[in-house]
Structures are given as C-alpha cells and as structure tokens.
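Just so we're aligned: the sequence shown equals residues 1 to 454 in UniProt numbering.
Where a beta carbon is used, it is the ideal one built from N, C-alpha and C, also for glycine.
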Amino acid sequence: MSTVTDSLIFRGIFSTEESSGIWSDSKRTEKYLEFEAALANVQGRLGVIPQRAADAIQTKCRLEVIDMNELAVKTQQIGYPVLPLVKQLVGLVNEVEPGLGEWVHWGATTQDVTDTATILQLRDTLEIVEQTLDDIIAALRDLSLAHASTPMAARSNLQQAVPMTFGFKMARLLATFLRHKQRLSEFRPRLLVLEFGGAVGTLATLADTGVAFEVQEQLAGELGLGVPDIAWHTERDRIAEVGAFLAMVTGTCAKFALDVKLLMQTEVGEVSEPFYPHRGSSSTMPQKRNPISCVYITAMSSTVRQLSASLFEAMVEDHERSTGPWEIEWIVLPQICTLGHSTLVQTRDLVRGLEVHPEAMRRNLDLTRGAIVSEAAMMKLGAVIGRQKAHDLIYDECQKLGGTEGSGKQLVDLLAENETVGKAGIGRKELEDICDPIKYLGLSEEMVRRVLEQ
Numbered sequence: 001m002s003t004v005t006d007s008l009i010f011r012g013i014f015s016t017e018e019s020s021g022i023w024s025d026s027k028r029t030e031k032y033l034e035f036e037a038a039l040a041n042v043q044g045r046l047g048v049i050p051q052r053a054a055d056a057i058q059t060k061c062r063l064e065v066i067d068m069n070e071l072a073v074k075t076q077q078i079g080y081p082v083l084p085l086v087k088q089l090v091g092l093v094n095e096v097e098p099g100l101g102e103w104v105h106w107g108a109t110t111q112d113v114t115d116t117a118t119i120l121q122l123r124d125t126l127e128i129v130e131q132t133l134d135d136i137i138a139a140l141r142d143l144s145l146a147h148a149s150t151p152m153a154a155r156s157n158l159q160q161a162v163p164m165t166f167g168f169k170m171a172r173l174l175a176t177f178l179r180h181k182q183r184l185s186e187f188r189p190r191l192l193v194l195e196f197g198g199a200v201g202t203l204a205t206l207a208d209t210g211v212a213f214e215v216q217e218q219l220a221g222e223l224g225l226g227v228p229d230i231a232w233h234t235e236r237d238r239i240a241e242v243g244a245f246l247a248m249v250t251g252t253c254a255k256f257a258l259d260v261k262l263l264m265q266t267e268v269g270e271v272s273e274p275f276y277p278h279r280g281s282s283s284t285m286p287q288k289r290n291p292i293s294c295v296y297i298t299a300m301s302s303t304v305r306q307l308s309a310s311l312f313e314a315m316v317e318d319h320e321r322s323t324g325p326w327e328i329e330w331i332v333l334p335q336i337c338t339l340g341h342s343t344l345v346q347t348r349d350l351v352r353g354l355e356v357h358p359e360a361m362r363r364n365l366d367l368t369r370g371a372i373v374s375e376a377a378m379m380k381l382g383a384v385i386g387r388q389k390a391h392d393l394i395y396d397e398c399q400k401l402g403g404t405e406g407s408g409k410q411l412v413d414l415l416a417e418n419e420t421v422g423k424a425g426i427g428r429k430e431l432e433d434i435c436d437p438i439k440y441l442g443l444s445e446e447m448v449r450r451v452l453e454q
C-alpha cells in the first residue's frame with residue numbers, strides 16, 4: 001500500500017475502520033449506484049421514463065454485479081468512473097430487456113452523480129464524527145467534575161502564572177468541543193444538499209417534461225438530502241466548510257495533545273497518557289514512556305489543516321464546470337476525513353484514560369516558594385498603597401526568591417519582613433492566607449459548574 005491510511009501496518013493509527021470503509025472504492029461506487037437507483041425510481045414514478053425500465057435499473061444497481069476491475073481500467077482511460085459505471089449498468093439492464101438500459105442515468109451528468117455521492121459519504125463521515133465528539137464530551141464532563149477542585153499551576157508563556165484547578169482546564173476544553181458540536185449542527189443542513197442539474201445545472205434535459213423540479217425534489221427526498229436552490233457545480237463552499245470544520249476540531253485536539261505532552265515531561269509529571277504495556281516505549285531507553293497518542297494527534301491534525309487549505313484552493317473553479325480544481329477534492333477529502341476521524345478517536349481514548357497526578361500538581365504549586373501567588377499579594381497591598389507601587393514592591397521581593405538574598409525563604413517570609421507591608425497593616429496571619437495558592441483559585445470551580453450545566 002502506498003499511503004499510511006491504507007497501510008496494513010499504519011492504517012489502524014492514521015485512519016479508522018469506519019472512516020476507511022466510507023471512503024473506499026466499493027462504498028463510493030455503492031453511492032453512485034444509490035443515486036442511479038433513486039433517480040430511476042423517481043423518474044419512473046413521475047412518468048419521465050418507462051416504469052419497467054425504472055424497475056429493471058433498480059434491480060441492477062447492486063455492487064456485486066459490477067466488475068470493479070473493468071471499472072478501474074475504464075476510469076483510467078476515460079478519466080472519470082461514472083461513465084464506465086453507467087455503461088456497465090446499461091449492459092446489465094439490457095440483459096433484462098433489450099433497450100431498457102438506454103434509460104439509465106436519464107438527464108443526469110457525471111458531476112451530479114459524483115457530487116451527490118460525495119455528500120452521502122460526508123454525511124456518513126459526520127455521523128461517526130458526531131458520535132466520537134459525543135464520547136469526548138462525555139469523558140471531558142467526567143474529568144471536569146472529578147477535578148473541579150484539584151489545584152494546579154496555570155502557565156503563561158510556559159511559566160507558572162497563577163493557580164487554577166485542573167477541572168477548569170478541562171472545562172475550557174469541554175466548552176470548545178461543545179461549540180464544535182454546535183457548529184456541526186449549524187453547517188450540516190448547508191452541506192447535505194443534492195446535486196442534480198444536468199450538464200451546467202439548468203436541468204435542460206428535463207425541462208420539457210414539466211416535472212424537472214419534481215424529479216429534483218423527489219430525488220433529494222429519496223436520498224435524504226436537501227433540495228438545492230440552484231446548481232452548485234462550481235460553487236464549492238459546502239465542501240470547503242466541512243474541511244474547515246475538521247481542521248478546527250482537530251486543531252482543538254492538537255491543542256489538548258500539546259498540553260498533555262508538556263504536562264507529561266519528567267520535570268512536570270502532572271498527567272500521563274493511558275498506560276498500556278510497552279505503549280510509547282523506546283528501543284534503547286527502557287525507562288521512556290513517550291506521549292505516543294499525543295504525537296499522532298499532533299501529526300494528523302497538522303496534516304488535516306494543511307489538506308483543508310487545498311479545499312479553499314478548489315473553490316476557484318472556472319465557469320460552470322471546472323478544469324482541475326474539482327479533482328483536488330477527490331484527492332484530499334478521503335484523507336481529511338480518515339485522518340480527522342482517527343484524530344478524534346485518539347483524542348477520545350486519551351481523554352477517557354488520562355491519568356491525573358494531583359500530588360505532582362500540588363508539588364509544582366510550591367516550586368516558586370510563593371511567587372505563583374504574587375498577584376494576590378499585589379492586589380491586597382495595592383488596595384492600600386496603590387497597584388503600581390505594590391507591583392514594584394512585590395516584584396523586588398520575588399527577585400530575592402531566586403537568589404542568595406532570599407536565603408531559601410518563602411514569599412510570605414519576605415513580605416512579613418517588609419517595612420512597607422507592615423505599615424500597610426497586613427500581618428503574618430493574613431499574609432499566610434494571601435500566599436496560600438489553594439486560596440487563590442479565583443472562580444475556577446464556579447466556571448466549571450457553568451460549563452457542566454450546558
């Protein structure tokens with residue numbers, strides 16, 4: 001196999017069985033046949049084609065009667081798979097009754113079949129994406145609730161900032177995935193729309209039947225799709241939007257993976273990926289437990305974002321039927337969808353099995369000997385002597401924590417010895433409360449509850 005998504009070795013990582021099945025040759029061809037069968041059924045019902053032809057066509061729109069090897073050969077010769085598939089159907093239907101095969105694909109064009117099949121594949125893809133999103137959301141709810149009060153250091157520019165809770169961190173991620181779920185529900189109706197207009201979208205081949213719009217509407221109904229307001233052969237915003245969605249949602253997965261990688265560092269050790277024997281092992285360093293799920297999430301998400309840019313390039317199509325940009329979608333959509341779903345599955349498993357180490361979080365809160373709550377001290381003192389003066393005073397005292405002048409003291413000790421702090425009427429007991437990181441979690445827990453109520 002020439003690609004990682006088809007590789008016997010790698011396909012379980014860079015794709016999923018469900019997503020690979022959706023974008024396989026057999027499933028794509030099944031969607032073509034589903035279109036042709038539905039078209040014949042509708043046209044027979046409306047009297048556009050003979051009913052016996054419609055019945056015969058439907059009996060032959062089955063994957064098992066199609067010669068896939070011949071389809072492959074003819075596709076290379078012709079350039080598109082729809083015409084050679086239609087030719088096979090014509091021959092198969094003519095075996096039922098000579099001449100009936102001529103009613104196959106009546107009034108349709110290659111792009112009608114191809115685009116509608118793609119929409120059906122995207123519909124199937126979004127169903128498994130939504131299910132995996134629901135799984136991630138459920139797991140994040142559990143993590144947010146379980147650790148709503150678990151204190152840890154927030155980081156700014158990779159430096160300790162102020163205390164927060166791990167539940168607050170997870171609830172932020174949860175809120176993002178909830179927005180993605182909302183986005184999915186909003187753009188899905190825009191995406192799941194039939195393409196059926198004939199050569200350039202004007203329905204000219206059926207215009208004199210008097211039921212052209214009825215064919216279009218009933219065909220959409222048969223396939224469970226929306227009715228287009230007008231042809232969209234070269235208006236590709238629908239496809240670009242689904243690519244943008246998958247780029248965003250996998251970008252969120254990658255942000256989470258990055259945080260986990262940083263928190264898994266030996267010197268930090270606040271979380272760990274789920275443990276499986278030898279998962280993330282090194283061939284030469286037996287002690288290693290690499291963040292392997294995060295590694296794959298990072299790589300796949302980055303690739304999805306790069307490929308999704310191609311869908312925006314594919315929007316620049318000439319006139320009413322394009323010369324090349326359309327085929328970009330054929331190349332990148334299967335990769336975007338298989339990599340995208342695999343990224344979500346890896347993220348789901350990571351969230352579900354994430355190991356959280358509250359004792360390490362507490363240990364790291366104490367690393368700076370109180371500097372992590374310097375903001376709290378500044379705000380308390382600032383209310384008496386002014387914020388900027390308090391900022392400069394606390395800044396000077398914090399510098400001592402890293403040098404010999406502090407002599408290993410805590411920030412509370414330095415502040416208790418400071419004459420200005422003493423004159424401000426802030427005593428040792430109050431300073432101890434101010435400098436306790438557990439008491440400076442802000443509204444972390446309340447915000448967690450707000451997100452969990454959604």
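Complete alpha helix (DSSP H) runs within the stretch 2-53 (minimum length 4 residues, chain order): Within the stretch 2-53, the complete alpha helix (DSSP H) segments at least 4 residues long are 11-14, 17-22, 25-45, listed from N- to C-terminus.
Residues near GLY269 by beta carbon distance below 7 Å, same chain, minus five either side: Its chain contains HIS357, ALA360 as the residues whose beta carbon lies nearer than 7 Å to that of GLY269, once the 5 sequence neighbours on both sides are disregarded; these appear in chain order.
First and last residue of the uninterrupted alpha helix (DSSP H) at MET170: 166-191
Three-state secondary structure assigned by DSSP to PRO151: strand
Bounding residues of the alpha helix (DSSP H) (the contiguous stretch that carries LEU311): Here the alpha helix (DSSP H) through LEU311 covers 292-313.
Inter-residue CB distance, GLU253 and SER308 (contact presumed, cutoff 8 Å): The displayed chain sequence assigns Cys, not Glu, to residue 253. 14 Å between Cβ atoms; not a contact.
8 Å contact criterion, which PHE196 and ALA53 should meet: CB distance rounded: At roughly 19 Å, the Cβ-Cβ gap does not stay under 8 Å, so PHE196 and ALA53 are not in contact.
Host alpha helix (DSSP H) of ASN364 (start-end): Residues 358-365.
Residue closest to GLN454, alpha-carbon to alpha-carbon, out of THR202, THR176, LEU393: Comparing Cα positions, the closest option is THR176.
Beta-bridge pairing of GLY226 - partner residues as DSSP gives them: DSSP, once it has assigned bridges, lists VAL193 as partnering GLY226.
Alpha carbon of ALA154 to alpha carbon of LEU122, nearest angstrom: Taking the straight line from one Cα to the other gives about 39 Å.
Residues of its chain near LEU143, where Cβ-Cβ distance is below 6 Å and the 5 sequence neighbours each way are ignored: MET170
Euclidean distance between Cα positions of ARG188 and ALA231: 18 Å
Span separating the alpha-carbon of GLY243 from that of GLU186: Each residue's Cα considered, the two are about 15 Å apart.
Rounded Cβ spacing between VAL104 and LEU219 (contact assumed at less than 8 Å): Contact doesn't hold; Cβ gap of about 15 Å is too wide.
Sheet register partners of GLU355 (DSSP bridge): Answer by DSSP bridge pairing, in chain order: SER272.
One or two residues paired with PRO81 in a DSSP bridge: BP columns for PRO81 are empty, so no partner.
Length at least 4, wholly inside the UniProt domain "Adenylosuccinate lyase C-terminal" (369-452): the alpha helix (DSSP H) runs in chain order: 374-385, 387-401, 411-417, 419-423, 428-434, 444-452
DSSP state of LYS454 mapped onto helix, strand, coil: The question names Lys, yet the displayed sequence has Gln at residue 454. Here GLN454 sits in coil by DSSP.
Straight-line gap, ASP135 to ILE372 (C-alpha atoms, nearest Å): 35 Å
Under 8 Å between C-beta atoms of GLU445 and SER149: yes
Which listed residue (LYS74, VAL129, HIS147, ASP124) has its alpha carbon closest to that of MET447: HIS147
Whether ILE297 touches ALA257 by CB criterion (8 Å): A contact, by the Cβ cut-off of 8 Å.
Near the ligand HEM: VAL356 beta-carbon under 7 Å from a heavy atom: Absence of the ligand HEM is noted for the structure shown, with no ligands found whatsoever.
Option in SER342, GLY370, GLY251 with minimal Cα separation from TRP305: For the sequence presented, residue 305 should be read as Arg rather than Trp. Measuring from the Cα of ARG305, the nearest candidate turns out to be GLY251.
C-beta contact flag for LEU206 and VAL48 at 8 Å: Taking 8 Å as the Cβ cut-off, LEU206 and VAL48 qualify as a contacting pair.
Three-state secondary structure assigned by DSSP to ALA257: Here ALA257 sits in helix by DSSP.
Residues bridged to PRO163 [DSSP beta-bridge criterion]: ALA153
Residue closest to ASP115, alpha-carbon to alpha-carbon, out of PHE168, MET248, MET164, TYR80: TYR80
Close-in-space but distant-in-sequence residues of the same chain around LEU192 (CB under 7 Å, 5 per side omitted): ILE119, ARG123, LEU225, GLY226
The stretch 366-381 in contact with the stretch 157-170 per 3-pair CB rule at 8 Å: yes
Alpha-carbon spacing of GLU30 relative to GLN265, whole angstroms: 48 Å
Within 8 Å, strictly: CB atoms of LEU401 and LEU415: no
Reference residue 455; option with closest CA among LEU133, LEU194, GLN76, ALA247: Look at the range of the chain in this structure, 1 to 454, and you will see that residue 455 is not part of it.
N-terminal and C-terminal residue of the alpha helix (DSSP H) that ILE66 is part of: Per DSSP, ILE66 belongs to no alpha helix (DSSP H) and is neither H nor E.
Cβ-Cβ distance between SER322 and THR234 below 8 Å: yes
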